[in-house]
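> Those sequence lines, one after another, are chains P and S.
So that you can map any letter, position 277 of the first sequence is 277 in our numbering, and since no number is skipped, the others follow by simple counting.
So that you can map any letter, position 304 of the second sequence is 304 in our numbering, and since no number is skipped, the others follow by simple counting.
All C-beta atoms in this analysis are idealised placements derived from N, C-alpha and C, irrespective of residue type, glycine included.
Attaching a single structure in structure tokens format; questions to follow.
There are 2 protein chains.
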Amino acid sequence: MKTLKAELVFTGTELLLGQIVNTNAQYLSKELAAIGIDVYYHVTVGDNLARLVSTIRQAQGRSDLVIVGGGLGPTEDDLSREALAEALGVPLEEDPEVMAVLRQFFERRGYPMPENNRKQALVPREGMILPNPIGTAPGLLLEHEGKTFVLLPGPPREFRLMVSEQLLPYLVKVNRGQDAVIRSRVLKIIGVGESMLEERVKDLLGSANPTLAPTAKPGEVHLRITAKAPGVPEADALIAELESKLRERLARNIYGVDQETLEGVVGGLLVKKGLTLGAAESCTGGLLAHRLTNIPGSSAYFKLGVVAYDNRWKVNILRVDEELLSRFGAVSPEVASAMATGIRLIAGTDLGVGITGIAGPGGATPEKPVGLVYLALDFQGKVKIRRELFMGQRVEVKERSAQSALTLLWRFLSGDLE
Amino acid sequence: MKTLKAELVFTGTELLLGQIVNTNAQYLSKELAAIGIDVYYHVTVGDNLARLVSTIRQAQGRSDLVIVGGGLGPTEDDLSREALAEALGVPLEEDPEVMAVLRQFFERRGYPMPENNRKQALVPREGMILPNPIGTAPGLLLEHEGKTFVLLPGPPREFRLMVSEQLLPYLVKVNRGQDAVIRSRVLKIIGVGESMLEERVKDLLGSANPTLAPTAKPGEVHLRITAKAPGVPEADALIAELESKLRERLARNIYGVDQETLEGVVGGLLVKKGLTLGAAESCTGGLLAHRLTNIPGSSAYFKLGVVAYDNRWKVNILRVDEELLSRFGAVSPEVASAMATGIRLIAGTDLGVGITGIAGPGGATPEKPVGLVYLALDFQGKVKIRRELFMGQRVEVKERSAQSALTLLWRFLSGDLE
Numbered sequence: 001m002k003t004l005k006a007e008l009v010f011t012g013t014e015l016l017l018g019q020i021v022n023t024n025a026q027y028l029s030k031e032l033a034a035i036g037i038d039v040y041y042h043v044t045v046g047d048n049l050a051r052l053v054s055t056i057r058q059a060q061g062r063s064d065l066v067i068v069g070g071g072l073g074p075t076e077d078d079l080s081r082e083a084l085a086e087a088l089g090v091p092l093e094e095d096p097e098v099m100a101v102l103r104q105f106f107e108r109r110g111y112p113m114p115e116n117n118r119k120q121a122l123v124p125r126e127g128m129i130l131p132n133p134i135g136t137a138p139g140l141l142l143e144h145e146g147k148t149f150v151l152l153p154g155p156p157r158e159f160r161l162m163v164s165e166q167l168l169p170y171l172v173k174v175n176r177g178q179d180a181v182i183r184s185r186v187l188k189i190i191g192v193g194e195s196m197l198e199e200r201v202k203d204l205l206g207s208a209n210p211t212l213a214p215t216a217k218p219g220e221v222h223l224r225i226t227a228k229a230p231g232v233p234e235a236d237a238l239i240a241e242l243e244s245k246l247r248e249r250l251a252r253n254i255y256g257v258d259q260e261t262l263e264g265v266v267g268g269l270l271v272k273k274g275l276t277l278g279a280a281e282s283c284t285g286g287l288l289a290h291r292l293t294n295i296p297g298s299s300a301y302f303k304l305g306v307v308a309y310d311n312r313w314k315v316n317i318l319r320v321d322e323e324l325l326s327r328f329g330a331v332s333p334e335v336a337s338a339m340a341t342g343i344r345l346i347a348g349t350d351l352g353v354g355i356t357g358i359a360g361p362g363g364a365t366p367e368k369p370v371g372l373v374y375l376a377l378d379f380q381g382k383v384k385i386r387r388e389l390f391m392g393q394r395v396e397v398k399e400r401s402a403q404s405a406l407t408l409l410w411r412f413l414s415g416d417l418e
Numbered sequence: 001m002k003t004l005k006a007e008l009v010f011t012g013t014e015l016l017l018g019q020i021v022n023t024n025a026q027y028l029s030k031e032l033a034a035i036g037i038d039v040y041y042h043v044t045v046g047d048n049l050a051r052l053v054s055t056i057r058q059a060q061g062r063s064d065l066v067i068v069g070g071g072l073g074p075t076e077d078d079l080s081r082e083a084l085a086e087a088l089g090v091p092l093e094e095d096p097e098v099m100a101v102l103r104q105f106f107e108r109r110g111y112p113m114p115e116n117n118r119k120q121a122l123v124p125r126e127g128m129i130l131p132n133p134i135g136t137a138p139g140l141l142l143e144h145e146g147k148t149f150v151l152l153p154g155p156p157r158e159f160r161l162m163v164s165e166q167l168l169p170y171l172v173k174v175n176r177g178q179d180a181v182i183r184s185r186v187l188k189i190i191g192v193g194e195s196m197l198e199e200r201v202k203d204l205l206g207s208a209n210p211t212l213a214p215t216a217k218p219g220e221v222h223l224r225i226t227a228k229a230p231g232v233p234e235a236d237a238l239i240a241e242l243e244s245k246l247r248e249r250l251a252r253n254i255y256g257v258d259q260e261t262l263e264g265v266v267g268g269l270l271v272k273k274g275l276t277l278g279a280a281e282s283c284t285g286g287l288l289a290h291r292l293t294n295i296p297g298s299s300a301y302f303k304l305g306v307v308a309y310d311n312r313w314k315v316n317i318l319r320v321d322e323e324l325l326s327r328f329g330a331v332s333p334e335v336a337s338a339m340a341t342g343i344r345l346i347a348g349t350d351l352g353v354g355i356t357g358i359a360g361p362g363g364a365t366p367e368k369p370v371g372l373v374y375l376a377l378d379f380q381g382k383v384k385i386r387r388e389l390f391m392g393q394r395v396e397v398k399e400r401s402a403q404s405a406l407t408l409l410w411r412f413l414s415g416d417l418e
């Protein structure tokens with residue numbers, strides 16, 4: 001099966017100084033593989049014109065598709081446009097449309113465009129502009145002597161958006177000669193650790209096509225199924241067969257697939273069931289509310305969040321009985337339960353979640369170590385309580401706790417707790 | 001000053017498929033910079049002998065120090081030893097000591113050594129072994145025609161251990177001609193865009209030592225000062241000199257340095273001034289409370305957060321006048337101000353922050369587009385209000401809004417709003 005040879009070039013002294021991790025390389029490589037393009041090289045080079053030019057020339061010699069990430073900013077050490085033009089011997093010309101977009105971008109913010117942003121409007125002759133909806137640096141695409149050259153901005157959010165919304169659709173459309181596709185699907189799994197999971201699917205991990213690869217994420221495990229075949233239907237059939245085997249074994253742990261998030265799936269179930277939710281948080285400090293409200297349309301079901309970081313507010317606002325606090329302490333199943341019920345009642349929602357725990361580094365006692373967290377879910381007066389003991393530092397404990405609260409919600413909404 | 005030119009080569013199909021992020025590249029680059037070695041290139045290549053050989057030959061031609069990560073395992077696609085030997089034309093020989101260590105390794109685990117682990121005992125003639133205390137793959141080091149070649153195992157735990165305990169001490173000891181250290185310091189800047197900022201420091205961006213490089217981050221810009229000198233004190237003096245020039249021009253925009261975060265700096269100022277804070281959030285959905293509570297000890301100053309996603313709670317809990325909501329709408333300076341005052345009064349804190357806006361994708365009107373956000377800060381009854389219009393998608397609008405609220409707090413706490 002013939003596939004396109006791609007080479008990814010990244011520019012940025014901060015990469016060579018080790019100040020940032022090159023997550024763009026991983027993201028783009030994965031996306032290219034998914035449409036059947038083989039990546040043969042990643043090359044990272046500093047913000048130096050001569051080295052950038054020779055790197056692009058070498059890539060031109062050995063690859064069909066050359067994608068350069070970074071170096072499109074307005075500053076003097078942003079050299080990717082110039083390097084591509086010099087490497088290929090094509091002139092750069094100022095593009096009036098890009099210039100207009102740039103001016104608008106600054107007008108919208110109410111100040112004039114700085115002179116040095118002008119260079120962001122330079123486009124190699126016969127180059128195609130890839131608009132950047134969230135930044136000033138547009139991407140560029142150039143078909144030159146039978147090979148494709150692409151320049152993308154370095155900031156990961158812009159890079160990812162332009163890859164997914166512009167580069168990939170273009171590459172799929174022009175399909176320059178590859179006759180194999182690589183398709184993959186990720187099953188997202190909660191409530192079982194990576195090694196436990198591997199035990200349960202050991203016999204399937206060996207398979208060569210499709211392949212099965214587990215990856216541990218905070219509070220969940222992702223199982224990636226990857227299949228290579230002459231066409232999309234054949235690849236998808238291979239994936240579907242393995243997926244059904246996995247679902248037989250892991251049905252109660254698979255919350256979603258691919259880009260689905262736990263908060264998105266939980267939100268969808270709340271909408272489907274017409275239920276509303278309030279959240280009373282202590283140790284998670286608003287992270288649960290933040291994750292829930294990352295979902296467009298969440299205002300339909302998420303009504304009220306209270307971050308009661310101080311016991312006084314657990315009493316005054318959440319109406320937690322002071323005696324519970326003094327008898328059992330703020331980090332106790334009793335208080336978690338009272339917080340869940342309190343938020344449900346004051347928010348007038350169907351569901352209330354209460355979270356109380358010790359995120360650390362301070363606040364621990366011999367009986368109540370850092371990482372001890374109680375979670376409660378009140379559904380119309382019926383309360384479920386979970387006790388967790390998480391390892392790790394403050395931020396990890398917050399993340400694991402919010403994940404655990406969403407897991408509790410997911411299990412309840414998918415009928416697992418009934 | 002002469003510094004060593006280093007090139008880092010990584011082998012592994014999983015890197016080119018985007019299944020893992022190359023954290024070894026970042027870790028090693030940072031460690032090398034710290035001892036005054038310049039990294040000029042990162043090259044990632046698949047588990048393919050021909051490509052690996054030509055990559056090593058190219059590195060030999062243009063760099064003084066070539067470090068290869070990965071490809072030392074026992075399987076057929078582990079080719080780094082063979083590739084190095086072929087690239088340099090030196091024979092591989094089985095090393096009895098390594099063989100003995102390997103046999104021991106398996107004996108301790110109570111099973112015989114698999115045949116294919118034999119290849120892990122192959123060493124290029126005149127090569128030096130770097131023992132691997134936590135894995136079967138030893139590292140290798142070879143001085144050849146005035147250049148240094150190093151092979152290290154790919155698993156990050158083994159890679160890092162061998163870099164820190166063996167490679168770095170070796171490089172420092174032999175000090176192959178470099179007579180400089182590289183030190184750097186990052187100034188963290190808010191309230192001015194990347195290109196605006198560059199206009200203000202243009203004359204300083206040209207400097208060769210120390211160098212000055214801006215990087216755009218969501219809601220802030222980082223200015224990295226990097227100095228090269230014979231010793232640490234000289235390098236730090238160069239940095240201090242440039243930093244003081246920058247502080248003269250940007251004092252009101254530099255909130256911190258290096259690993260400091262805006263929420264951490266704001267928290268420190270609140271503690272120093274003995275002030276407490278409450279937050280009333282709408283469009284940020286708890287993100288401001290989450291960032292504030294990521295800081296250890298934040299319970300000393302952050303008392304209460306309310307995520308009033310529903311107007312009903314803006315009225316019932318935050319005591320926002322219903323008439324304001326109907327007259328000006330939930331997204332208005334009047335309501336932002338009332339939310340700030342409301343949270344301050346019910347939380348009994350010195351400061352109250354109110355945030356209301358349209359995160360999108362829904363909820364926009366012709367007068368009130370997605371990205372329109374009002375922020376208010378109430379300090380003992382005096383209220384400051386900010387209007388913002390952010391580009392981007394829902395999560396980005398949330399992030400920019402929380403950043404803007406922290407910026408407002410920082411300016412107030414550093415006396416800038418008095």
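1) Using a cut-off of 9 Å between C-beta atoms, extract the partners of valine 306 of chain P located in chain S.
2) What did DSSP end up calling arginine 224 of chain P once you bin it into helix, strand or coil?
3) For arginine 185 of chain P, does the three-state DSSP call read helix, strand or coil?
4) For methionine 162 of chain P, I'd like the list of residues in its chain whose CB is within less than 8 Å of its CB, leaving aside the five on either flank, ordered along the chain.
5) Determine, for proline 366 of chain S, whether the minimum Cβ-Cβ distance to residues of chain P falls below 8 Å.
6) Determine which residues share a DSSP beta bridge with histidine 290 of chain S and list them.
7) Can you give the Cα-Cα distance for serine 375 of chain P and phenylalanine 412 of chain P, rounded to whole angstroms?
8) Can you name the residues of chain P whose CB is closer than 7 Å to the CB of tryptophan 410 of chain S?
9) Looking at the strands, I want to know which residues DSSP matches up with glycine 357 of chain S.
10) Kindly indicate the opening and closing residues of the alpha helix (DSSP H) around valine 335 of chain S.
11) Which ranges would you report for the beta strand (DSSP E) in the segment 239-316 of chain S if only whole runs of at least 3 residues count?
12) For tyrosine 40 of chain P, decide whether its Cβ has a neighbour in chain S, counting only Cβ atoms nearer than 8 Å.
13) Any C-beta of chain P sitting closer than 8 Å to the C-beta of glutamine 19 of chain S?
14) Hey, is aspartate 310 of chain P's beta-carbon within less than 8 Å of any beta-carbon in chain S?
15) Within 8 Å (strictly less), CB to CB, does glutamine 26 of chain P reach chain S?
16) For the segment 382-403 of chain S, which residues have a beta carbon sitting closer than 8 Å to at least one beta carbon of chain P?
17) Starting from tyrosine 170 of chain P, trace the alpha helix (DSSP H) in both directions and tell me its first and last residue.
18) So, with DSSP's three-state summary, where would you put leucine 92 of chain P?
19) Along the chain, which unbroken stretches of the beta strand (DSSP E) at least 3 residues long are found entirely within the segment 49-75 of chain S?
20) Residues of chain S with a CB under 7 Å from the CB of threonine 44 of chain P: which are they?
21) Taking valine 90 of chain P as the reference, give the member of P:Ile67, P:Phe149 and P:Arg62 with the closest Cα.
22) Given this structure, state the Cα-to-Cα distance separating glutamate 220 of chain S from leucine 372 of chain P, to the nearest angstrom.
23) Among the residues of its own chain, which have a CB less than 6 Å from the CB of threonine 211 of chain P, if the five just before and after it don't count?
24) Measuring CB to CB, does leucine 65 of chain S end up less than 8 Å from leucine 142 of chain S?
25) Can you name the residues of chain S whose CB is closer than 7 Å to the CB of glutamate 198 of chain P?
26) Whose Cβ in chain S lies nearer than 7 Å to the Cβ of threonine 407 of chain P?
27) Is any beta-carbon of chain P found at less than 8 Å from that of histidine 144 of chain S?
28) With burial defined as no fewer than 16 other Cβ atoms inside 10 Å of the residue's Cβ, what is the status of glutamine 19 of chain S: buried or exposed?
29) From P:Thr365, P:Leu205, P:Met128 and P:Ile343, pick the residue whose C-alpha is nearest to that of glycine 329 of chain P; which is it?
30) Using the beta-carbon of each residue, which ones in chain S are nearer than 7 Å to glycine 206 of chain P?
31) On the three-state DSSP scale, how would you describe methionine 196 of chain P?
32) Pick from S:Leu277, S:Lys217, S:Lys368 and S:Glu243: whose alpha carbon is nearest that of glycine 348 of chain S?
33) From the DSSP secondary-structure annotation, give me the bridge partner or partners of alanine 229 of chain P.
34) Kindly indicate if chain P contains any beta-carbon less than 8 Å away from that of serine 164 of chain S.
35) Proline 112 of chain S: buried (16+ other C-beta within 10 angstroms of its C-beta) or exposed?
36) Considering serine 32 of chain S, what are the terminal residues of the alpha helix (DSSP H) in which it resides?
Quick look at the numbers:
1) Correct list: Leu304, Gly305, Val306, Val307 and Ile317.
2) strand
3) strand
4) Result list for methionine 162 of chain P: Leu130, Asn132, Gly139, Leu152 and Pro153, in chain order.
5) Not an interface residue.
6) BP columns for histidine 290 of chain S are empty, so no partner.
7) Residue identity check: residue 375 of chain P is leucine in the sequence provided, not serine. Those two C-alpha atoms are separated by around 13 Å.
8) Here the premise fails: no neighbours, minimum Cβ distance about 19 Å.
9) S:Val373
10) Residues 333-347.
11) 254-257, 277-281 and 302-308
12) yes
13) yes
14) yes
15) Yes - at least one Cβ of chain S is within 8 Å of the one on glutamine 26 of chain P.
16) Leu389, Met391, Gly392, Gln393, Arg394, Val395, Glu396 and Lys398
17) DSSP places tyrosine 170 of chain P inside the alpha helix (DSSP H), whose first and last residues are 168-174.
18) Assigned with DSSP and collapsed to three states, leucine 92 of chain P falls in strand.
19) Runs of the beta strand (DSSP E) lying entirely within the segment 49-75 of chain S and spanning at least 3 residues, in chain order: 65-69.
20) Tyr41 and His42
21) P:Phe149
22) 35 Å
23) Thr226
24) One thing to note: leucine 65 of chain S has its Cβ no nearer than 8 Å to the Cβ of leucine 142 of chain S.
25) None at all; the shortest Cβ gap to chain S is about 16 Å.
26) Neighbours of threonine 407 of chain P on chain S: none; closest Cβ ~18 Å, over 7 Å.
27) no
28) buried
29) P:Thr365
30) In chain order: nothing, as chain S lies at least about 14 Å away.
31) In the three-state DSSP reduction, methionine 196 of chain P falls in the helix class (H, G or I).
32) S:Leu277
33) P:Val181
34) So no, serine 164 of chain S is outside the interface.
35) With fewer than 16 other Cβ atoms inside 10 Å of its own Cβ, proline 112 of chain S counts as exposed.
36) Residue identity check: residue 32 of chain S is leucine in the sequence provided, not serine. Run containing leucine 32 of chain S: 23-34, per the alpha helix (DSSP H) assignment.
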